[in-house]
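*Asks:* Here the protein sequences line up with chains A and B, keeping their order. The opening residue of the first sequence carries number 33 in our numbering; numbering runs sequentially from there. The opening residue of the second sequence carries number 195 in our numbering; numbering runs sequentially from there. Here a beta-carbon is modelled for each residue, glycine too, at the ideal position from N, C-alpha and C.
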Amino acid sequence: MYLYDSMKIKSTKYILYASIFTALTAAGAFVRIPFYIVPVTLQTFFTILAGGTLKPGWAFSSQLVYIGLGLLGLPIFSNGGGIQYIFHPTFGYLLALPIASFVISSLSHSHRSLSLMQRTGIHITGSLIILFIGAFYLYFIVNIISTINYSLIKVLTAGILVFIPVEVFKSYIAAWMVRKLENYEVIP
Amino acid sequence: MLNLRFLPVYIEGKVKKRIQKFKKKDKITLAFLFDFFFTINYIKMFKLGLFILFSDITIGQYFPGESFIHRLDPRTKLISLMLFMTGLLFAYHFLSLAIYFLVTIVMLFGSQLPPRLVLGNLKPFVWLFILTLLIHIWSTPGTVVFSCSALHLTVSIEGIRLGLIFGIRLALLVLFAAFLTLTASPIEITDALEKMLSPLKRLGLPVHELVMMLTLSLRFIPTLLEEAEQLKNAQVSRGARFGGNLLQRLKSTIPLVLPLFISAFRRADDLALAMDSRCYGSGAQRSSYRILHYARTDYMVLFSSLITVIFLFFLERSL
């Protein structure tokens, strides 16, 4: 019983850390840097950071809660919020956030120490997961909800290739920041 | 012509006017966001420094009221929403779509929401409607109404019909979903979710923890946004620059995000200590401030929506 209690007490801290990442991801959607066609938001940046710092389960749930908050009606997605957002073509990118942060977290916790480039690689893997799942959802929405026949390859190229350069740069900065945070011993 | 230099001032004036207008009508200040014709997004407000509104983010799209639908149990709203949405996905004829449209009209009257507020939810989907309509009209073969060989363009009756059906179906799906978030506050829906998902606790899913995270981050979002603004001002006073090309802008977020992280984690540590010292999560059964209970009207609404959806499903199959 004592052991169970101590585990619970420890989990209070993690609940709070995870909800801070939820709030940061939500705030990151507001910081929008206009880029040629696609606006760059800091949303996925915080997803990557959650993966880099928290343990897999908590990273996953922090992003899950972010999606939940948006679906509850808070205008924290890039085009508003509410349950109707599941029919928005870009919802797939949001659905991929928990999975990506889980993958990033489990990859970066598998080794004791990682170099900056290794971390960047892990983060790029995570962002590629986001882009792929997002593009597949785009394909799904376009084909099934509005029943337009588009080829999968067209949708994939439109939904992925545009984002790659920015995502690579974001991953690098996130890796740099995770290392900084580790040096300051901010992370539990 | 409007001078571009004065555009921020112009927008700010519009925002203030709109706030006053809504205050006069005794409505919440956030409501103007969903104005169908003139929407100012949060990003613009962020630039304008209208931070009073950020504390209102936690209300979400909720439009307070005392109507019949507002007083229903949030679980009822959630379940009947799911029923109607699954029903709509099987609707392929104008007749059943018309009946679903009637249901939305009834809901509009039952909730006493301003129609423009409800319709404003369609705005993010406008280009999807247009795309659906156009592609169906162009790509469906059938009785030709109009054709242009130079553009490889043929318009058929069947195409227009299909485009309209799928467009209307999408619009109705969006409207049904919008009713839930307009008539129930995020906290109400959270409570409903916790109650509805509580059987999953036995499977080892941390439902209570997830719901706790929902409420905690609701509290954190406005605080963090405020803190980010303070940090930005502090860094600017130390000579930091937030501008330039994309690379410089991305780099300039570092002196903002790093201190934000450190202070946020410090805040989390304090709160964790406070919660632990009050024995949060000691394993006992938790009680809650709001107690949900089904009234007779809830059962009636659930029953009637189930009957409607089943009736429409069979109507669809007989057509």
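Strictly below 7 Å CB to CB, what residues from chain B border Val200(A)?
*Replies:* Along the first sequence, one-based indexing puts residue 200(A) at 168. Within chain B, no residue comes near Val200(A); the closest Cβ sits about 12 Å away, beyond 7 Å.
*Asks:* Using C-beta distances below 7 Å, list every residue in its chain close to Leu450(B), excluding the 5 sequence neighbours before and after it, in chain order.
*Replies:* Counting from 1 along the second sequence, the entry for residue 450(B) is found at position 256. Correct list, in chain order: Ala422, Leu425, Lys426, Gln429.
*Asks:* By a C-beta neighbour count over all protein chains shown, 10 Å radius and 16 as the cutoff for buried, is Ser464(B) buried or exposed?
*Replies:* Here residue 464(B) is taken as the residue at index 270 of the second sequence, counted from 1. Looking at the sequence provided, one finds Asp at residue 464(B) rather than Ser. Exposed is the call here.
*Asks:* CB Pro130(A) to CB Gln75(A), shorter than 8 Å?
*Replies:* For this step, residue 130(A) is matched to residue 98 along the first sequence. For this step, residue 75(A) is matched to residue 43 along the first sequence. Cβ distance not < 8 Å, so Pro130(A) and Gln75(A) don't count as in contact.
*Asks:* What residue range is occupied by the uninterrupted alpha helix (DSSP H) comprising Ser465(B)?
*Replies:* On the second sequence, position 271 is the one that residue 465(B) refers to. Sequence check: residue 465(B) is Leu here, not Ser. First-last of the alpha helix (DSSP H) with Leu465(B): 448–471.
*Asks:* By a C-beta neighbour count over all protein chains shown, 10 Å radius and 16 as the cutoff for buried, is His239(A) buried or exposed?
*Replies:* Chain A is shown from 33 up to 220; residue 239(A) falls before or after that span and cannot be answered.
*Asks:* According to the neighbour-count rule (16 or more other Cβ atoms, all chains shown, within 10 Å of its Cβ), is Thr280(B) buried or exposed?
*Replies:* Numbered from its first residue, the second sequence carries residue 280(B) at position 86. Exposed.
*Asks:* If the cut-off is 7 Å on Cβ atoms, which residues from the region 389–403 of chain B count as contacting chain A, listed in chain order?
*Replies:* Glu403
*Asks:* Report yes or no: is there a C-beta of chain B within less than 8 Å of the C-beta of Lys212(A)?
*Replies:* Here residue 212(A) corresponds to residue number 180 of the first sequence, with the count starting at 1. At least one chain B Cβ lies under 8 Å of Lys212(A).
*Asks:* Using C-beta distances below 7 Å, list every residue in its chain close to Arg363(B), excluding the 5 sequence neighbours before and after it, in chain order.
*Replies:* The residue labelled residue 363(B) in the question sits at position 169 within the second sequence. Leu282, Ala285, Leu291.
*Asks:* Would you mind sorting Ala59(A) into buried or exposed? The rule is 16 or more other CB atoms within 10 Å of its CB.
*Replies:* Residue 59(A) sits at position 27 when you count from the first residue of the first sequence. Classification for Ala59(A): buried.
*Asks:* Would you call the region 488–505 of chain B and the region 264–275 of chain B in contact, with 3 or more CB pairs under 8 Å?
*Replies:* yes
*Asks:* In chain order, what residues of the same chain lie with their CB nearer than 8 Å to the CB of Ile80(A), ignoring the 5 residues before and after it?
*Replies:* For the purposes of this step, residue 80(A) is taken as residue 48 along the first sequence, with counting starting at 1. Within the same chain, Ile80(A) has close Cβ partners Ala132, Ser133, Ile136, His155, Gly158, Ser159, Lys202, Ser203, Ala206.
*Asks:* The alpha helix (DSSP H) that contains Leu291(B), what's its start and end?
*Replies:* Walking along the second sequence from the start, residue 291(B) turns up at place 97. From DSSP, the alpha helix (DSSP H) with Leu291(B) extends over 288–305.
*Asks:* Please report whether the beta-carbon of Val97(A) lies at a distance below 8 Å from any beta-carbon of chain B.
*Replies:* Stepping through the first sequence from its first residue, residue 97(A) is reached at position 65. True, the Cβ-Cβ gap to chain B drops below 8 Å.
*Asks:* Taking only beta carbons into account, state which residues of the region 255–274 of chain B come closer than 8 Å to chain A, listed in chain order.
*Replies:* Gln255, Tyr256
*Asks:* Would a C-beta distance cut-off of 8 Å place Ser93(A) and Met407(B) closer than the cut-off?
*Replies:* The residue given as residue 93(A) occupies position 61 in the first sequence. The residue given as residue 407(B) occupies position 213 in the second sequence. Their beta carbons are under 8 Å apart, which means Ser93(A) touches Met407(B) by this criterion.
*Asks:* Which residues in chain B have a C-beta closer than 7 Å to the C-beta of Thr152(A)? List them in chain order.
*Replies:* Residue numbering aside, residue 152(A) sits at position 120 when the first sequence is read from its first letter. Per Cβ cutoff of 7 Å: no residues; Thr152(A) is ~14 Å from chain B at best.
*Asks:* Take Ile383(B) and list the residues in its own chain whose beta-carbon comes closer than 8 Å to its own, dropping the five residues that flank it on each side.
*Replies:* Locating residue 383(B) in the second sequence gives position 189, where the first residue counts as 1. For Ile383(B), the CB contacts under 8 Å within the same chain, skipping 5 residues up- and downstream, are Pro268, Leu272, Leu374, Thr375 in chain order.
*Asks:* Leaving out five residues before and five after Ile108(A) in sequence, what residues of the same chain have Cβ atoms less than 7 Å from its Cβ?
*Replies:* The residue labelled residue 108(A) in the question sits at position 76 within the first sequence. Only Ala58, Ala61, Leu101, Gly102 meet the Cβ criterion.
*Asks:* Give me the Cα-Cα distance between Thr73(A) and Thr409(B), rounded to the nearest whole angstrom.
*Replies:* Locating residue 73(A) in the first sequence gives position 41, where the first residue counts as 1. Locating residue 409(B) in the second sequence gives position 215, where the first residue counts as 1. When rounded, the distance between both Cα atoms is 24 Å.
*Asks:* For Ile162(A), I'd like the list of residues in its chain whose CB is within less than 7 Å of its CB, leaving aside the five on either flank, ordered along the chain.
*Replies:* Translated into positions along the first sequence, residue 162(A) becomes position 130. Thr76, Tyr125, Ala128, Leu129, Ala132, listed in sequence order.
*Asks:* Whose C-alpha, out of Leu441(B), Leu322(B), Thr326(B), is nearest the C-alpha of Tyr197(A)?
*Replies:* Locating residue 197(A) in the first sequence gives position 165, where the first residue counts as 1. A small fix is needed here, since residue 197(A) is Pro in this sequence, not Tyr. Cα-wise, what sits closest to Pro197(A) is Leu441(B).
*Asks:* Does any C-beta atom of chain B lie closer than 8 Å to the C-beta of Gly124(A)?
*Replies:* Start at 1 with the first residue of the first sequence, and residue 124(A) comes out as number 92. Judged by the 8 Å Cβ criterion, Gly124(A) is not in contact with chain B.
*Asks:* Would Val210(A) pass as a contact of Thr54(A) if the rule is Cβ separation under 8 Å?
*Replies:* Within the first sequence, the letter at position 178 stands for residue 210(A). Within the first sequence, the letter at position 22 stands for residue 54(A). Contact flag unset, no.
*Asks:* Based on the DSSP output, what are the partners of Ser512(B) in its beta bridges?
*Replies:* Taking the second sequence and counting its residues from 1, the one referred to as residue 512(B) is at position 318. As DSSP reads the structure, Ser512(B) sits in no beta bridge.
*Asks:* Tell me whether the beta-carbon of Ile331(B) lies closer than 8 Å to the beta-carbon of Gly361(B).
*Replies:* In the second sequence, the residue the question calls residue 331(B) occupies position 137. In the second sequence, the residue the question calls residue 361(B) occupies position 167. It is not a contact, given that the beta carbons lie outside the stated cut-off.
*Asks:* Short of 7 Å Cβ to Cβ, which residues in the region 369–380 of chain B face chain C?
*Replies:* Any reference to chain C falls outside this structure, whose protein chains are A and B.
*Asks:* Taking Cβ-Cβ distances shorter than 8 Å, what residues in chain B pair up with Tyr216(A)?
*Replies:* As a first step, residue 216(A) is located in the first sequence; it is residue number 184 there, counting from the start. Neighbours of Tyr216(A) on chain B, chain order: Ile456.
*Asks:* Please name the residue or residues paired with Ser165(B) in a DSSP beta bridge.
*Replies:* Residue 165(B) is absent from the structure shown; chain B starts at 195 and stops at 513.
*Asks:* If you reduce the DSSP assignment to three classes, tell me which class Gly60(A) lands in.
*Replies:* Here residue 60(A) is taken as the residue at index 28 of the first sequence, counted from 1. Reduced to three states, the DSSP call for Gly60(A) is helix.
*Asks:* Would you say Leu307(B) and Asp492(B) are within 8 Å of each other, going by their C-beta atoms?
*Replies:* Residue mapping note: residue 307(B) aligns to position 113 of the second sequence, counting from 1. Residue mapping note: residue 492(B) aligns to position 298 of the second sequence, counting from 1. Against a cut-off of 8 Å, the Cβ pair of Asp492(B) and Leu307(B) comes out as no contact.
*Asks:* Confirm, please, whether the CB-CB distance from Lys212(A) to His141(A) is below 8 Å.
*Replies:* The residue given as residue 141(A) occupies position 109 in the first sequence. The residue given as residue 212(A) occupies position 180 in the first sequence. No, these two residues do not count as a Cβ contact at 8 Å.
*Asks:* Contact defined as beta carbons within less than 8 Å: I believe Ala462(B) pairs with Tyr49(A). What is the distance between those atoms, to the nearest angstrom?
*Replies:* The residue you call residue 462(B) lines up with position 268 of the second sequence. The residue you call residue 49(A) lines up with position 17 of the first sequence. Going by Cβ atoms, the distance from Ala462(B) to Tyr49(A) rounds to 6 Å, so yes, they are a contact pair.
*Asks:* According to DSSP, is Gly112(A) helix, strand or coil?
*Replies:* As a working note, residue 112(A) is residue 80 in the first sequence. Secondary structure of Gly112(A) (DSSP, three-state): strand.
*Asks:* What does a CB cutoff of less than 7 Å around Phe123(A) pick up in its chain, not counting 5 residues either side in sequence?
*Replies:* Translated into positions along the first sequence, residue 123(A) becomes position 91. Closer than 7 Å at the Cβ level, and outside the excluded window around Phe123(A), lie Tyr117, Tyr169.
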